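A.B. asks:
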Amino acid sequence: MVDADGAAVGAERERLHARQGAFASVSALAVAAWMAAIAAGSVPDTLLAAWLLASALAVAATASALPALRRLKDDQFPAAARLQQAGAALAGLVSGAAATLFLPALSWPARAALSVAACAGLAGAIVEPGRQGPAFRLQLACCAGQFALAWWRLGEPGAAQVAWALAGFAVLAAATSTAVDRLNRQSLARAIENQRLAESLAQARDEAVAADRAKSHFIAAASHDLRQPAAALALTASLLRRQVGDPALAPAMQGLERSVATLNDLLGQLLDLSRLDAGRIAPEIRPVAIDALIGELLGEIASQAGARGLRLRAIGSGCELDCDPVLVARMLRNLLDNALRHTERGGITVTARAVSAPAGAARTGATFEIAVADSGCGIAPEHQRRVFDEHYQIGNAARQRGNGLGLGLALVRRIAALHDASVSLRSTPGRGSRFTLRFRSAVSRPLAAGKAPPGEAPPAGESLSAGGYALETRPEPVPAPVRRPRLLLVEDDELLADAFGQWLSAAGFEVSRAADGPSAQAILAAGRPLAAVLSDFRLPGGPDGIALLEQVRERHPAALRILVSGDIDPALPARAAEAGLPLFAKPVDLKRLRGLLASRLG
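Quick note: the sequence shown uses the working numbering, first residue 33, plus one each step.
The following block contains the structure:
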């Protein structure tokens, strides 16, 4: 009984034997022709021709089974092994018959040559990887046995010694065959096991990739639904803070705002990680005045730093860097937030420089560095390699939200990879930390004299979230004329539409609402003047928000058009920009929206 592994090895050897069958057949015919040439002229032609025909038929019979062996299944191995043994025995009998038929008629030199030819054919078969050991030993016994017996029966001086020599050759050949057969089986067994391991690893890898892709796609698909209640909550919190005047409720309102901000920050960072892992974000490279960008980012944290007595310092490069300003701003925001969180005294320094760049010349492939250094608590060596892992936080086993979410540095590492950049850490406990971004293949050049610095980062929603969605800090409504401007809000989510409508009303607008595309089109067709239209991107009943706002442009050319979306399609920002539409991600940055409404309609 052959076990499954033995059957797999045996079947593979049979398939290998089939692949080598053509060479083996040609070799067998060549040996037969060699032996016939030795016997020619000494034996009758008819006898020689009959033996040659028998040899050819034996080779043909063996070769006819080769195509089936190439398609052999593992469970068919026992039958195939018996077939190979039968073919080997037939070949040995026909080849050995030459000794019985030809030796008596040959001279001693011809007899020796005929025996050498037969032994050479057998020796060649020993090392054939696909030849099963039992089959070879059957062929050996049938051929060498007939030659030894024929020599023994000659009865001439020295013939017995040759017979014994042939018997010794047969014993040695059988022993060698056993050893070679064992090595071949072991080699094939290892090859099959390696193949199985490779297939298992490939399957496990494919399953892991599929699971990761499914996770990313699930988060991406669910993002719209996740953003809707978060946006409504942010709007409601803003309205409550504006309308509730009881000082006793101020701490509760502040706690609510902090919770909403934390929720939005977590949601934004999780969705950003999902999109980065799914490969759905591609950098939009353009020249950026890095010094101006750093100045703007330091301005964002200036009030927090000042309240804690921390000094902020920037050391500029005087260069432009070809990069994606949104992504670079996101990395620096996260690094600055990390530094601010862990620095109690001293300050934070941001340094930008083009390393070894010749003065006045562009440098391609040079290293451009941006470093964020703080004088905080520092990071112990055993933690430094893990701080870039998701949700890894030092000394925050209880997951206190005041210590952050543990995602900021993970995002930095992933975004850096999109720029062919790296991020490194150098830190000494008690003395502070220095995070350095190195752009290996970016192009940097000195900023042209008099050129307006193009370093302003586009607002959140055009690529990645800005690291959370800010709530309003000023309760004043948009300065409104005597007559309240009319605004059309197109939003299918009832909860969000209610909250958004109340916020816009409190901001000084007369709000009309539509829950789908056809309803919005009906309001547009009514012809009443509109100061602004704020539309979601995905609308039931069609068209989408971009197409609807294009209709607004045609019917109400003076109206301010604003697109809002919880969709994370990476192509959406480009479509919105092409249509000339400001794009707001959900949850909406209310400060930015208020500023836009005030600047255009105030």
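Backbone N, C-alpha and C fix where the C-beta goes; we use that ideal spot for every residue, glycine too.
Just so we're clear, the structure is a prediction, and the values are computed from it rather than from any experiment.
I need the DSSP call for R570, collapsed to helix, strand or coil.
C.D. replies: Indexing the sequence shown from 1 puts residue 570 at position 538. Reduced to three states, the DSSP call for R570 is coil.
A.B. asks: How many Å lie between I402 and L571 at the Cα?
C.D. replies: Taking the sequence shown and counting its residues from 1, one reaches residue 402 at position 370. Taking the sequence shown and counting its residues from 1, one reaches residue 571 at position 539. Computed Cα separation, rounded: 43 Å.
A.B. asks: Given a cut-off of 7 Å, decide if F420 and A442 are closer than it, judged by their beta-carbon atoms.
C.D. replies: On the sequence shown, position 410 is the one that residue 442 refers to. On the sequence shown, position 388 is the one that residue 420 refers to. Going by C-beta atoms, A442 is nearer than 7 Å to F420.
A.B. asks: Using three-state DSSP, classify I347 as helix, strand or coil.
C.D. replies: Position 315 of the sequence shown, counting from 1, holds the residue named residue 347. Residue state, collapsed to three classes: strand.
A.B. asks: Quick check on this structure: which residue in L628, R626, L595 has the alpha carbon closest to the alpha carbon of L613?
C.D. replies: For this step, residue 613 is matched to residue 581 along the sequence shown. L613 has its Cα closest to that of L595, out of L628, R626, L595.
A.B. asks: Comparing C-alpha positions only, which one of R446, S454, R373 sits nearest to L302?
C.D. replies: Looking up residue 302 in the sequence shown gives position 270. Of R446, S454, R373, the residue nearest in Cα terms is R446.
A.B. asks: Please classify R417 as buried or exposed, where buried requires at least 16 other C-beta atoms within 10 Å of its C-beta.
C.D. replies: Position 385 of the sequence shown, counted from the start, is the residue given in the question as residue 417. So R417 ends up on the exposed side.
A.B. asks: Could you check what DSSP says for C409 in three-state terms: helix, strand or coil?
C.D. replies: Your numbering for residue 409 matches position 377 in the sequence shown. Correct three-state label for C409: coil.
A.B. asks: Measuring only the C-alpha atoms, how far is F541 from G627?
C.D. replies: What you label residue 541 is simply residue 509 of the sequence shown in a count that begins at 1. What you label residue 627 is simply residue 595 of the sequence shown in a count that begins at 1. The straight-line gap from Cα to Cα measures roughly 15 Å.
A.B. asks: Considering only the beta carbon of each residue, do V543 and L521 sit closer than 7 Å?
C.D. replies: Counting from one through the sequence shown, the residue named residue 543 turns up at place 511. Counting from one through the sequence shown, the residue named residue 521 turns up at place 489. Cβ atoms of V543 and L521: closer than 7 Å.
A.B. asks: Which residues does DSSP list as the beta-bridge partners of C355?
C.D. replies: As a position in the sequence shown, residue 355 is number 323, starting the count at 1. R318, per the DSSP bridge assignment.
A.B. asks: Our contact map puts L154 next to W83 with C-beta atoms below 8 Å; I'd like the distance itself, whole angstroms only.
C.D. replies: Taking the first residue of the sequence shown as 1, we reach residue 154 at position 122. Taking the first residue of the sequence shown as 1, we reach residue 83 at position 51. Incorrect: roughly 17 Å between the Cβ atoms, too far for contact.
A.B. asks: Rounding to the nearest angstrom, what Cα-Cα distance links E225 and A234 in this structure?
C.D. replies: By 1-based counting over the sequence shown, the position of residue 225 is 193. By 1-based counting over the sequence shown, the position of residue 234 is 202. Distance between the alpha carbons of E225 and A234: 14 Å.
A.B. asks: Compare the Cα-Cα distances from L186 to each of A453, A131, A539 and report the closest residue.
C.D. replies: Position 154 of the sequence shown, counted from the start, is the residue given in the question as residue 186. Taking only the C-alpha atoms, the option nearest L186 is A131.
A.B. asks: My understanding is that A192 touches W184, with C-beta atoms under 8 Å, so please give their C-beta distance in whole angstroms.
C.D. replies: Start at 1 with the first residue of the sequence shown, and residue 192 comes out as number 160. Start at 1 with the first residue of the sequence shown, and residue 184 comes out as number 152. At roughly 6 Å, the Cβ-Cβ gap stays under 8 Å, so A192 and W184 are in contact.
A.B. asks: DSSP beta-bridge partners for R458?
C.D. replies: On the sequence shown, position 426 is the one that residue 458 refers to. Answer by DSSP bridge pairing, in chain order: R466.
A.B. asks: Using the Cα positions of L629 and L330, report the straight-line distance between them to the nearest angstrom.
C.D. replies: Residue 629 sits at position 597 when you count from the first residue of the sequence shown. Residue 330 sits at position 298 when you count from the first residue of the sequence shown. Cα-Cα distance, rounded: 26 Å.
A.B. asks: Does the beta-carbon distance from A321 to E352 come in below 7 Å?
C.D. replies: As a first step, residue 321 must be located in the sequence shown, where it is residue number 289. As a first step, residue 352 must be located in the sequence shown, where it is residue number 320. In contact: A321 and E352 (Cβ atoms closer than 7 Å).
A.B. asks: Could you say which of R343, L469, T460, C409 lies nearest to V444 if we only look at CA atoms?
C.D. replies: Position 412 of the sequence shown, counting from 1, holds the residue named residue 444. Among R343, L469, T460, C409, the Cα nearest to that of V444 is on L469.
A.B. asks: Can we say the region 116-126 touches the region 134-146, given the rule of at least three CB pairs closer than 8 Å?
C.D. replies: Contact fails: fewer than three Cβ-Cβ distances are below 8 Å.
A.B. asks: Check the C-beta distance from A176 over to L198 and give it rounded, since I have them as a contact under 8 Å.
C.D. replies: Here the question's residue 176 lines up with position 144 in the sequence shown. Here the question's residue 198 lines up with position 166 in the sequence shown. Confirmed, about 6 Å.
A.B. asks: Can you name the residues that DSSP bridges to A617?
C.D. replies: Taking the first residue of the sequence shown as position 1, residue 617 is located at position 585. According to DSSP, A617 bridges with S597.
A.B. asks: For the alpha helix (DSSP H) containing L146, name the first residue and the last one.
C.D. replies: Here residue 146 corresponds to residue number 114 of the sequence shown, with the count starting at 1. Where L146 is concerned, the enclosing alpha helix (DSSP H) stretches over 140-158.
A.B. asks: Starting from F541, follow its DSSP beta bridges and name the residues at the other end.
C.D. replies: Taking the sequence shown and counting its residues from 1, one reaches residue 541 at position 509. DSSP, once it has assigned bridges, lists no residue as partnering F541.
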